[in-house]
Amino acid sequence: MNENNNKLEEIKLSKSQEDQGEQKANVDIDPEKGIGISDKDHSSKESFHGRSRLQNEGGKDKFIEKFMVFMSILLVVIFFPFTLFFIFTVVRQFERVVTLRNGKVYKNRVFGPGLICYLPCVDTLKYIDLRIICYAVPPQEALTKDSLTVSVDAVVFYKVYDAVSAVINVADYRLSTHFLAATALRNALGTRKLAELLSDRPAVSFLVYQLMKQLTQEWGIRVVRVEIKDISLPLQLQKAMAAEAESSRLANAKIIVAKAEIESTKNLQQATALLMDNPYCMQLRYLQSLHMISGEKTNTIVFPFSVNLFRRLFK
6 MNENNNKLEE IKLSKSQEDQ GEQKANVDID PEKGIGISDK DHSSKESFHG
56 RSRLQNEGGK DKFIEKFMVF MSILLVVIFF PFTLFFIFTV VRQFERVVTL
106 RNGKVYKNRV FGPGLICYLP CVDTLKYIDL RIICYAVPPQ EALTKDSLTV
156 SVDAVVFYKV YDAVSAVINV ADYRLSTHFL AATALRNALG TRKLAELLSD
206 RPAVSFLVYQ LMKQLTQEWG IRVVRVEIKD ISLPLQLQKA MAAEAESSRL
256 ANAKIIVAKA EIESTKNLQQ ATALLMDNPY CMQLRYLQSL HMISGEKTNT
306 IVFPFSVNLF RRLFK
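For my numbering, add 5 to where a residue sits in the sequence shown, where the first one is 1.
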């Protein structure tokens, strides 16, 4: 019994150790706080790790870099108070500043808004506008899925949400976003038929939005909205579509006229069957027709009587 109990305890201990090993494999250590982070938290820490990698790539400040910073501070002190006009700058409410000290991101963050201080000769300031930017995509000619040429223009609204990434990860975030918008619009047009483009514009706008969103996240850009402005068709294609629509309308009109004639014929047959039951009904209908004719501006009215009617009246 004791041996069996010992074996059961060993099995339980081995299982618990395996579970702890799996938990440790799914948990990393945050270098800043020293606490565990699960796989689900990696997405929220993605921007932090990206910035930390950028900072680690730069390495520690070299001696010459520290010496340049010291000389800059010394110049500021020597020429004080004249240097007060050169070491301060104003950052507006809708702007942020990324400071590059000796070519590296200083403190790995942005500065502003308000009055900020920088060192001349060693600091380079990059101003980033955080407001929503509207870009009108020029008309893009592309082939649709059914091999038809169309020209489509759109409007893209985007903004910068990470100024450090917008400065470091891309040379010109505005120009890159503009080129990406034109390319994404062309790619979206190639996956849709002409009828889908004309009838479901929001779906095309959403497709362009998804294509841009996946690529601009690394640049610190957030695409807010994409809207299709206009879809231009070639003149020959417009004429062909107009002729097709006109022919379909004429065909529908002929079908409606034929159905109306069938209904009128059926009604006339029913009326004839009712009038033939009584000869006087036919004569009354005839008189009603003459009364309707007399209401119009006519000069001559022909009023014929059948011989059978006279015979019946004088019998």
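All C-beta atoms in this analysis are idealised placements derived from N, C-alpha and C, irrespective of residue type, glycine included.
In this text, all values refer to a predicted model and were calculated from it rather than measured experimentally.
Review point. What number of angstroms, rounded off, separates the C-alpha of Ile-261 from the C-alpha of Ser-156?
Key: As a first step, residue 261 must be located in the sequence shown, where it is residue number 256. As a first step, residue 156 must be located in the sequence shown, where it is residue number 151. If I take the Cα positions, the gap works out to 38 Å.
Practice item. Would you check if there are 3 or more beta carbon pairs closer than 8 Å linking the region 187-195 to the region 212-220? Key: yes
Point to revise | Option in Ser-152, Arg-114 and Met-281 with minimal Cα separation from Leu-242 | key: What you label residue 242 is simply residue 237 of the sequence shown in a count that begins at 1. Cα-wise, what sits closest to Leu-242 is Ser-152.
Review point. How should Ala-141 be labelled, buried or exposed, when 16 other C-beta atoms within 10 angstroms of its C-beta is the threshold for buried?
Key: For this step, residue 141 is matched to residue 136 along the sequence shown. Ala-141 comes out exposed.
Point to revise | Nonlocal neighbours in the same chain, by C-beta distance under 6 Å from Ala-168, ignoring five residues either side | key: Here residue 168 refers to the residue found at position 163 of the sequence shown. Taken in chain order, the residues that qualify are Arg-101, Val-103, Val-115 and Ile-133.
**Study point:** Strand pairing of Ser-156, partner residues [DSSP]
**Key:** The residue you call residue 156 lines up with position 151 of the sequence shown. Paired residue(s): Glu-146 and Ser-237.
Practice item. Verify whether the separation of the beta carbon atoms of Pro-125 and Arg-97 is less than 8 Å. Key: As a first step, residue 125 must be located in the sequence shown, where it is residue number 120. As a first step, residue 97 must be located in the sequence shown, where it is residue number 92. Not closer than 8 Å, so no.
Review point. Three-state secondary structure (DSSP) at Arg-206?
Key: Taking the first residue of the sequence shown as 1, we reach residue 206 at position 201. Looking at Arg-206 - three-state DSSP - the assignment turns out to be helix.
Exercise for review: Pull up the CB-CB distance for Gly-195 and Lys-150, whole angstroms please, since I reckon it's below 8 Å.
Suggested key: Translated into the one-based positions of the sequence shown, residue 195 becomes position 190. Translated into the one-based positions of the sequence shown, residue 150 becomes position 145. With a Cβ gap of about 7 Å, Gly-195 and Lys-150 count as contacting.
Point to revise | Cβ neighbours of Cys-122 in the same chain (closer than 6 Å, five flanking residues each side left out) | key: Here residue 122 refers to the residue found at position 117 when the sequence shown is read from its first residue. Excluding positions up to five away in sequence, the list reads Ile-92 and Phe-93.
Check your understanding: According to DSSP, is Thr-188 helix, strand or coil?
Key -> As a position in the sequence shown, residue 188 is number 183, starting the count at 1. Helix, per DSSP.
Exercise for review: Might you give, ordered along the chain, the residues of its own chain that have their beta carbon closer than 8 Å to the beta carbon of Arg-136, omitting 5 neighbours on each side?
Suggested key: Here residue 136 corresponds to residue number 131 of the sequence shown, with the count starting at 1. Here the set comprises Phe-99 and Lys-164.
Exercise for review: Count the other CB atoms, across all protein chains shown, that sit within 10 Å of the CB of Val-82; report buried if there are 16 or more and exposed otherwise.
Suggested key: Position 77 of the sequence shown, counted from the first residue, corresponds to residue 82. Under a 10 Å Cβ-count criterion, Val-82 is classified as exposed, with fewer than 16 other Cβ atoms of the shown protein chains found around its own Cβ.
Practice item. Tell me where the alpha helix (DSSP H) around Phe-75 begins and ends. Key: As a working mapping, residue 75 is identified with position 70 in the sequence shown. Element bounds for Phe-75: 68-83.
**Study point:** Beta-carbon proximity of Val-229 to Phe-162, cut-off 8 Å
**Key:** Numbered from its first residue, the sequence shown carries residue 229 at position 224. Numbered from its first residue, the sequence shown carries residue 162 at position 157. Phe-162 sits close to Val-229, with the two beta carbons spaced by under 8 Å.
Check your understanding: Between the C-alpha atoms of Ser-79 and Leu-185, what's the straight-line distance to the nearest angstrom?
Key -> Here residue 79 is taken as the residue at index 74 of the sequence shown, counted from 1. Here residue 185 is taken as the residue at index 180 of the sequence shown, counted from 1. Here the sequence assigns Leu to residue 79, which means Ser is not the residue at that position. Their Cα atoms are separated by approximately 46 Å.
Check your understanding: Can Gly-225 and Ala-176 be called in contact, C-beta distance under 8 Å?
Key -> What you label residue 225 is simply residue 220 of the sequence shown in a count that begins at 1. What you label residue 176 is simply residue 171 of the sequence shown in a count that begins at 1. No, these two residues do not count as a Cβ contact at 8 Å.
**Study point:** Beta-carbon spacing of Val-127, Asn-113 below 8 Å
**Key:** Sequence index remark: in the sequence shown, residue 127 carries index 122 (1-based). Sequence index remark: in the sequence shown, residue 113 carries index 108 (1-based). Not a contact, by the Cβ cut-off of 8 Å.
Review point. Start and end of the beta strand (DSSP E) containing Val-175?
Key: Here residue 175 refers to the residue found at position 170 when the sequence shown is read from its first residue. It is not in any beta strand (DSSP E) - Val-175 carries neither H nor E in the DSSP assignment.
Exercise for review: Would you mind reading off the limits of the beta strand (DSSP E) that contains Thr-88?
Suggested key: The count along the sequence shown starts at 1 and reaches residue 88 at position 83. Premise fails: Thr-88 is in no beta strand (DSSP E) and is neither H nor E.
**Study point:** When Met-281, Ser-77, Leu-202 and Leu-130 are compared against Thr-154, the one with the closest alpha-carbon
**Key:** Counting from 1 along the sequence shown, the entry for residue 154 is found at position 149. Comparing Cα-Cα distances from Thr-154 to each of Met-281, Ser-77, Leu-202 and Leu-130, the minimum goes to Leu-202.
Practice item. Starting from Ile-137, follow the beta strand (DSSP E) in both directions and report where the run begins and ends. Key: Walking along the sequence shown from the start, residue 137 turns up at place 132. Element bounds for Ile-137: n/a, residue is neither H nor E.
Check your understanding: For Glu-232 versus Ala-159, is the C-beta distance shorter than 8 Å?
Key -> Along the sequence shown, one-based indexing puts residue 232 at 227. Along the sequence shown, one-based indexing puts residue 159 at 154. In this structure, Ala-159 lies closer than 8 Å to Glu-232 by Cβ.
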